Amino acid sequence: MTGRLMAISDLHVGYAENRALVEQLRPTHDDDWLIVAGDVAEQFADVMWALRTLRERFATVIWAPGNHELWTPRNDPEQARGQARYDLLVAACRDLDIRTPEDPYPVWEGPGGPVIVAPLFVLYDYSFWPAGATSTTEALEIARAAGIVGTDEVLLHPDPFEGRDAWCRARVAATEPRLRAAADELPTVLVNHFPLVRQPTDVLWYPEFALWCGTTLTADWHTRFRAAAVVYGHLHIPRTTWHDGVRFEEVSVGYPREWGKRSTPPAQLRQVLR
């Protein structure tokens with residue numbers, strides 16, 4: 027293979043400006059793979075439009091869900107909630123031959139490989155507490171007092187789980203054995219919408235929002251599971267950081283009001299392996 031393993035996230039194609047960016051995305055080679063690390067859109071049809079468009083262009087597309095795909099907006103004709111909505115997204119991706127967290131992890135054998143590319147879906151459990159909190163209840167109270175409440179609290183339904191934190195713990199329990207088996211074979215590229223470690227959230231303008239950004243249960247996955255690189259989004263702060271010697275790539279596009287202020291061109295595909 028002579029292509030490259032590329033990544034992007036937080037396309038938010040419900041915005042016309044972002045939809046135009048997706049229409050312009052092209053591979054650099056016929057063998058390019060594309061990782062899409064969540065938050066494609068909020069409306070089910072928009073998610074499928076973007077993923078279908080990208081699948082027509084890239085040799086392989088790998089998708090990990092963000093929180094926005096799991097929202098159930100009132101104006102969306104598709105009103106499935108929680109696990110049922112995730113299952114619909116997975117089924118639709120499979121119809122497009124797009125790899126999901128529910129499929130066997132693909133092996134990238136191009137430059138930088140071989141590695142196992144593992145798309146993950148582990149959500150968050152409110153364990154990224156703000157300063158001064160000594161419990162999750164207190165952490166959420168601090169966030170509410172600061173006027174910070176994730177929109178997920180209204181639109182991301184955890185059905186049939188008791189809460190998003192319970193759904194997160196179930197996903198972690200189901201994912202860890204698969205990653206152990208993968209890491210026994212090859213190094214990995216871990217792909218998750220939310221950061222696997224807490225440190226990237228330290229630069230948030232509103233630190234309380236970290237509660238909706240991940241779980242401490244994944245804090246050592248990049249070392250335990252032999253990660254050659256970690257790909258994530260969600261924060262809308264595209265950058266490269268290093269944790270325990272592992273490169274973390276935040277690959278989000280974000281909203282037009284955010285990328286419009288940057289000096290760099292928006293929607294630049296990030297090369298994962300170098």
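As numbered in this note's numbering, the sequence shown has no gaps in its residue numbers, which increase by one up to the final residue, 300.
By construction, the Cβ of each residue, glycine as well, lies at the ideal position given by its N, Cα and C atoms.
Bear in mind the structure is a predicted one, so any value in this text is a computation, not a measurement.
- Counting only the Cα atoms, D185 lies some 9 Å from W193.
- Nearest in C-alpha terms to D228, of all of F70, H55, W155, is W155.
- Comparing alpha-carbon positions, the option among G40, A85, V39 lying closest to P53 turns out to be A85.
- Approximately 5 Å separates the beta-carbon atoms of S153 and T241; this is inside 8 Å, confirming the contact.
- With a cutoff of 8 Å on beta-carbon distance, A110 and V217 are scored as not near each other.
- Between P264 and I88, the alpha-carbon positions lie close to 19 Å from each other.
- When the beta-carbon positions are compared, L295 and L51 come within less than 8 Å of each other.
- Within the model, the alpha-carbon separation for W134 versus T214 is close to 10 Å.
- Between L243 and A236, the C-beta gap is not smaller than 8 Å, which leaves the two residues out of contact.
- I142: member of the beta strand (DSSP E) spanning 141 to 145, first to last residue.
- Restricting attention to I34, E234, P203, A207, the CA atom closest to the CA of W59 is found in I34.
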